[in-house]
Every structure is written in structure tokens, then in C-alpha cells.
Ligand SMILES: [Zn+2]
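Residue numbers (our numbering): 2 to 72.
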């Protein structure tokens, strides 16, 4: 039978899984890449979520890519 207790345990499990995903995501951010670019700009968390290994801010990345294509 589906009791109040089961419902609470279920919610706790969902909450634990949610927290575990957040922990894993922040661990990945700490493990790879950096949060400050060579130019001193902060690499946004949104950018680092998409590119966890990013070491440049968006501006520097675009410059670097442009130089790479021009070569
Ligand atoms: Zn930069």
C-alpha cells in the first residue's frame, strides 16, 4: 500500500539524487578547467557547464579560434 511514509522516502530519494547530481557537476567543474581566464576575466559558470574543460573566457576563445582558422 502506498503510505505517507513511502511517499516521504520517495521524496527523500529524489532529493538525494538531485543533490548527488549537483555534487557531481560541481566536482567536474573543480576537476577540469579553471574559472579565471588568462586575461583575468571570470569564465562564467554557464560556459563551464557547457565546456567543463574551458580555460579561456568566451572572448579569448573566439580570438584563439579565429587565429587557428587564419593559419
Ligand atoms: Zn579571456
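Every residue, glycine too, gets a C-beta built ideally from N, C-alpha and C.
Classified as buried, residue 55 has 16 or more neighbouring CB atoms from the shown chains inside 10 Å of its CB. The continuous alpha helix (DSSP H) containing residue 71 extends over residues 59–71. Taking C-beta atoms under 8 Å as the contact rule, residue 42 and residue 58 qualify, at a distance of about 4 Å. Remark: the shortest separation between the CB of residue 60 and any heavy atom of ligand 1 falls under 7 Å.
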